[in-house]
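J.: One structure, pasted below without further comment.
Number of protein chains: 2
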Amino acid sequence: MTKKDVAGARTPPRAKRLPRAVRERQILDAAVRVFSERGYHAASMDEVSDVAGISKPMIYAYLGSKEELFAACIRREATRLMESIGGVVDVNLDPEEQLWRGVLAFFTFVGENRDSWQVLHRQAGTQGAPFAAELAEGRRAAVAMISALLDRAAGKEGVGAFAEGQTEPLAAALTGAGEALAEWWLEHPEESPKAMARRLMNLSWMGFGNLVLGRAWHPDKQPETA
Amino acid sequence: MTKKDVAGARTPPRAKRLPRAVRERQILDAAVRVFSERGYHAASMDEVSDVAGISKPMIYAYLGSKEELFAACIRREATRLMESIGGVVDVNLDPEEQLWRGVLAFFTFVGENRDSWQVLHRQAGTQGAPFAAELAEGRRAAVAMISALLDRAAGKEGVGAFAEGQTEPLAAALTGAGEALAEWWLEHPEESPKAMARRLMNLSWMGFGNLVLGRAWHPDKQPETA
DNA sequence: AGGCTTACCTACTGATGAGTAAGACTACTT
DNA sequence: AAGTAGTCTTACTCATCAGTAGGTAAGCCT
Chain B
-12 MTKKDVAGAR TPPRAKRLPR AVRERQILDA AVRVFSERGY HAASMDEVSD
38 VAGISKPMIY AYLGSKEELF AACIRREATR LMESIGGVVD VNLDPEEQLW
88 RGVLAFFTFV GENRDSWQVL HRQAGTQGAP FAAELAEGRR AAVAMISALL
138 DRAAGKEGVG AFAEGQTEPL AAALTGAGEA LAEWWLEHPE ESPKAMARRL
188 MNLSWMGFGN LVLGRAWHPD KQPETA
Chain V
-12 MTKKDVAGAR TPPRAKRLPR AVRERQILDA AVRVFSERGY HAASMDEVSD
38 VAGISKPMIY AYLGSKEELF AACIRREATR LMESIGGVVD VNLDPEEQLW
88 RGVLAFFTFV GENRDSWQVL HRQAGTQGAP FAAELAEGRR AAVAMISALL
138 DRAAGKEGVG AFAEGQTEPL AAALTGAGEA LAEWWLEHPE ESPKAMARRL
188 MNLSWMGFGN LVLGRAWHPD KQPETA
């Protein structure tokens, strides 16, 4: 009991028998909680099993090693995030609107799934570990999505000028800005997802050059969702 | 010898006697190398002592615990980075020029001091550890610097419109974008610092809105340094 | 009923790694 | 030359934690 426990449930000894699929989900849920709070290295399998309300060998039987467990967390949460965003981006809309929707979806997801986002974000800089592949893949997919959007934007307006360099680094920069804002959000939880999304639009769509001149970005459509 | 060694120097047994100040620098140098490559948790004090070419108890005698050692690394490298940037930002210049110079200084520093930057960046998402204070402080200082710049920019042009929200989150977003670009740079080392800085200006000063219209940012002054 | 599968457990092993005890060598003082 | 302050080492201790061996019990078939 030297460290503060991760808040929450424990089940009494000899847990009820449950089908494997259910336990696997419970274990993954617990793992996301623990990994998001402690980070990969500082998290222990004992704590995961404790939070999951099950004994350690079950985790090994079902999910494999610590690394595999972590990779499974990453995969699951990355997929959820990407589907959240992918669900609202319609290629027929104009780029500005697509970007707005995607960005808003991102902050909405983060607001509603802090642990999911944290587990993805906290280990983001990790290299050399086997699960780095999962991390890199998730990031690559996100960047590719935005990059494609920017490419279409450049094409649509008939201007290749800003794609000259490739849009990929700019997409990477945008995700970085999004992550940093999400981090800032943790210390200012009173802000709405919409306000956060608006900030990112102001930076990424308008740029400081416009902002300095008093031209700020704001959602020009009717309010979408909360 | 299961893991690949951090490249480089070893000294023969019974190291030459050297004054404390010198050893402390050597230890910090080694620690930055190891921490930047492995991350805080995966780094071992044995490896640090090995790379430093000195025995472990010396590290404890001079720099204290692993956490204190890491904090010392963070402090030193953060200071170097901030001084690099602070050195080129002249408050009398207009904001655009200041931003350009600061951003260029950042990428120049990162290019010349990959380890320094990595040690600052890799653990950026860490919370709850004692050294998190150092990390947070470094970040806070960087954000404050940019934030102040933006405030002056807003004031100078006589427009408070974009400071309405506060500039702080935007400054945080900018640093995040910078970090992400620096990360991308690792996979594209052929790019020059200037090209990287230009990308960040395109995103943060012009914004996608302008870029889509074919209006890109470029340094309008004479070439600064390589 | 007996048998088989699957869920579940306690209690270990073995490795790694932070931190230290206790002393040895060197050089500078007086 | 003897003391002493500071540098440096080998060789431990001790805690933590990933992973496992070897079992118990619950349900589900005949």
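Quick note, the sequences are listed as chains B and V, same order. Mapping to my numbering: the first sequence position 54 is 41, numbers consecutive. Mapping to my numbering: the second sequence position 35 is 22, numbers consecutive. C-beta: ideal position from N, C-alpha, C; glycine also. Note that the structure is a prediction, hence the values are computed from the model and not measured.
(1) Which residues of the stretch 63 to 91 of chain V have a Cβ closer than 8 Å to any Cβ of chain B? Give them in chain order.
(2) Residues in the same chain with beta-carbon distance under 6 Å from B:L56, minus the five sequence neighbours each way, listed in chain order, please.
(3) Between the stretch 123 to 132 of chain B and the stretch 54 to 70 of chain B, are three or more C-beta pairs nearer than 8 Å?
(4) If we ignore side chains and look at the alpha-carbon of each, how far apart do V:A29 and B:E177 end up?
(5) With a threshold of 8 Å between beta carbons, is B:T(-2) in contact with chain V?
(6) In chain order, which continuous runs of the alpha helix (DSSP H) of length 4 or greater are located wholly inside the stretch 95 to 139 of chain V?
(7) Can you tell me whether V:E215 is buried or exposed? The criterion is at least 16 other CB atoms within 10 Å of its CB, across all chains shown.
(8) At the level of alpha carbons, what is the spacing between V:Q105 and V:K43?
(9) Does the beta-carbon distance from B:G194 to V:G196 come in below 8 Å?
(10) Do we get a CB-CB distance below 8 Å when we pair V:M32 with the residues of chain B?
(11) Can you list, in chain order, the stretches of the alpha helix (DSSP H) that have 4 or more residues and sit fully within the stretch 175 to 205 of chain B?
(12) Considering just the uninterrupted stretch of the alpha helix (DSSP H) at B:D33, what are its terminal residues?
(13) With 8 Å set as the bound, which would you pick, yes or no: does the beta-carbon of V:H98 sit closer than that to a beta-carbon of chain B?
(14) Using a Cβ cut-off of 8 Å, pull out every chain B residue sitting near V:T162, in sequence order please.
(15) Considering B:S23, what are the terminal residues of the alpha helix (DSSP H) in which it resides?
(16) In angstroms, rounded to a whole number, what distance separates the CA positions of V:I14 and V:R185?
(17) Please return the same chain residues whose Cβ sits closer than 8 Å to the Cβ of V:G201, not counting the five positions on each side in sequence.
(18) How many angstroms separate the CA atom of B:A129 from the CA atom of B:K181?
(19) Over the uninterrupted alpha helix (DSSP H) stretch that includes B:L80, give me the two end residues.
(20) Can you check which of these residues, B:E155, B:G26 and B:E24, is closest to V:W172 by C-alpha distance?
(21) Using a beta-carbon distance below 8 Å, is V:G125 in contact with chain B?
(22) Could you pull out every residue in the same chain whose Cβ sits closer than 6 Å to the Cβ of B:A169, ignoring the five residues on either side in sequence?
(23) Does DSSP put B:G73 in a helix, a strand or coil?
(24) At a CB-CB cut-off below 7 Å, which residues of chain B make contact with V:A111?
(25) Rounded to a whole number of angstroms, what is the C-alpha to C-alpha distance between B:R109 and B:I61?
(26) Give every residue of the same chain whose Cβ lies closer than 6 Å to the Cβ of B:K208, excluding the five residues on either side of it in the sequence, and list them in chain order.
(27) Using the Cα positions of V:A39 and V:D16, report the straight-line distance between them to the nearest angstrom.
(28) Can you pull the chain V neighbours of B:H108, defined as C-beta to C-beta under 9 Å?
(29) Under the three-state reduction of DSSP, which class applies to B:P(-1): helix, strand or coil?
(30) Between which residues of its own chain and B:Q114 is the CB-CB distance below 7 Å, once the five residues before and five after are set aside?
(31) B:Q153: beta carbon under 7 Å from a heavy atom of the ligand GTP?
T.: In short, the structure shows the following:
(1) Taking 8 Å as the Cβ-Cβ cut-off against chain B, the residues of the stretch 63 to 91 of chain V that qualify are P82, E83 and L86.
(2) Counting from one through the first sequence, the residue named residue 56 of chain B turns up at place 69. Annotation for B:L56: A18 and L50 place their beta carbon closer than 6 Å to its own, counting only its chain and skipping 5 residues before and after.
(3) yes
(4) Position 42 of the second sequence, counted from the first residue, corresponds to residue 29 of chain V. Position 190 of the first sequence, counted from the first residue, corresponds to residue 177 of chain B. So the alpha carbons of these two residues sit roughly 36 Å apart.
(5) The sequence position of residue -2 of chain B within the first sequence is 11, counting from 1. The pLDDT assigned to B:T(-2) is 42, lower than 50, so where the model puts this residue is not dependable, and the model offers no usable value.
(6) 101 to 108
(7) Residue 215 of chain V is absent from the model: chain V starts at -12 and stops at 213.
(8) As a working note, residue 105 of chain V is residue 118 in the second sequence. As a working note, residue 43 of chain V is residue 56 in the second sequence. Rounded to whole angstroms, V:Q105 to V:K43 spans 24 Å at the Cα level.
(9) The count along the first sequence starts at 1 and reaches residue 194 of chain B at position 207. The count along the second sequence starts at 1 and reaches residue 196 of chain V at position 209. In this structure, V:G196 lies closer than 8 Å to B:G194 by Cβ.
(10) Here residue 32 of chain V corresponds to residue number 45 of the second sequence, with the count starting at 1. Chain B contact via Cβ: absent.
(11) Along the stretch 175 to 205 of chain B, the alpha helix (DSSP H) occurs as fully enclosed runs of 4 or more residues at 180 to 188 and 195 to 199, listed in sequence order.
(12) Here residue 33 of chain B corresponds to residue number 46 of the first sequence, with the count starting at 1. Per DSSP, B:D33 belongs to the alpha helix (DSSP H) from M32 to A39.
(13) Working through the second sequence from its first residue, we reach residue 98 of chain V at position 111. Note on residue identity: the sequence assigns Gly, not His, to residue 98 of chain V. False, the Cβ-Cβ gap to chain B never drops below 8 Å.
(14) Here the question's residue 162 of chain V lines up with position 175 in the second sequence. Ordered by position in chain B, the residues that pass the 8 Å Cβ test against V:T162 are A167.
(15) Locating residue 23 of chain B in the first sequence gives position 36, where the first residue counts as 1. R7 to R25 is the extent of the alpha helix (DSSP H) around B:S23.
(16) Counting from 1 along the second sequence, the entry for residue 14 of chain V is found at position 27. Counting from 1 along the second sequence, the entry for residue 185 of chain V is found at position 198. If you take the alpha carbons of V:I14 and V:R185, they lie about 36 Å apart.
(17) Counting from one through the second sequence, the residue named residue 201 of chain V turns up at place 214. Around V:G201: no qualifying Cβ.
(18) In the first sequence, the residue the question calls residue 129 of chain B occupies position 142. In the first sequence, the residue the question calls residue 181 of chain B occupies position 194. C-alpha separation (whole angstroms): 20 Å.
(19) Taking the first residue of the first sequence as position 1, residue 80 of chain B is located at position 93. Run containing B:L80: none; DSSP gives neither H nor E here.
(20) If you number the second sequence from 1, residue 172 of chain V lands on position 185. Of the candidates B:E155, B:G26 and B:E24, the residue whose Cα lies closest to the Cα of V:W172 is B:E155.
(21) The residue you call residue 125 of chain V lines up with position 138 of the second sequence. False, the Cβ-Cβ gap to chain B never drops below 8 Å.
(22) Locating residue 169 of chain B in the first sequence gives position 182, where the first residue counts as 1. If we look at B:A169 and ignore the five residues flanking it on each side, its Cβ neighbours are V97.
(23) As a working note, residue 73 of chain B is residue 86 in the first sequence. Under the three-state reduction of DSSP output, B:G73 falls in the helix class.
(24) Within the second sequence, numbered from 1, the residue matching residue 111 of chain V stands at position 124. The answer, in chain order, is G112.
(25) Position 122 of the first sequence holds residue 109 of chain B. Position 74 of the first sequence holds residue 61 of chain B. So the alpha carbons of these two residues sit roughly 11 Å apart.
(26) In the first sequence, residue 208 of chain B corresponds to position 221, counting from 1. Note on B:K208: pLDDT 47, under 50, position unreliable in the model; the coordinate value appears next. None.
(27) The residue given as residue 39 of chain V occupies position 52 in the second sequence. The residue given as residue 16 of chain V occupies position 29 in the second sequence. Their Cα atoms are separated by approximately 8 Å.
(28) On the first sequence, position 121 is the one that residue 108 of chain B refers to. G112, listed in chain order.
(29) Start at 1 with the first residue of the first sequence, and residue -1 of chain B comes out as number 12. Caution applies to B:P(-1), whose pLDDT of 48 falls short of 50 and renders its modelled position unreliable; the model cannot decide the point.
(30) Here residue 114 of chain B corresponds to residue number 127 of the first sequence, with the count starting at 1. Taken in chain order, the list of residues that qualify is empty.
(31) Looking for the ligand GTP in the displayed structure turns up nothing, as the structure carries no ligands at all.
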